[in-house]
Amino acid sequence: MSATLTQQIEEIQLIIIGGEDWLERAQSRNFKRSPEAIERRAQRLVVQEAILNTLTRLREAEEPRKAARP
Numbered sequence: 019m020s021a022t023l024t025q026q027i028e029e030i031q032l033i034i035i036g037g038e039d040w041l042e043r044a045q046s047r048n049f050k051r052s053p054e055a056i057e058r059r060a061q062r063l064v065v066q067e068a069i070l071n072t073l074t075r076l077r078e079a080e081e082p083r084k085a086a087r088p
């Protein structure tokens, strides 16, 4: 499970980085996106960050259990 959890964390980190890059471009140039589209992307980014935090906490909680195994 740990490998899968780690993979999920890495995938979400990449998604978040892409979303942050998209938002930076949208805010810095004459970007042809509606304010609503930008807001939706920002909201998705918040949700993705919450998921990442949850998965990271799960991984951290799993590490002590692995160390306790013989």
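Residues 19 to 88, numbered by my numbering, are exactly what the sequence shown covers, in order.
From the three backbone atoms N, C-alpha and C, an ideal C-beta is built for every residue, glycine too.
If the five residues before and after T74 are omitted, its C-beta is found closer than 8 angstroms to the C-beta atoms of I27, all from its own chain and listed in chain order. Here I34 is near L63, since their CB atoms are less than 9 angstroms apart. The three-state secondary structure of S46, taken from DSSP, is helix. CA-CA distance, L70 to E29, rounds to 9 angstroms. For the pair L41 and R59, the CB atoms are nearer than the 9 angstroms cut-off.
The C-alpha of Q61 lies about 31 angstroms from the C-alpha of E81.
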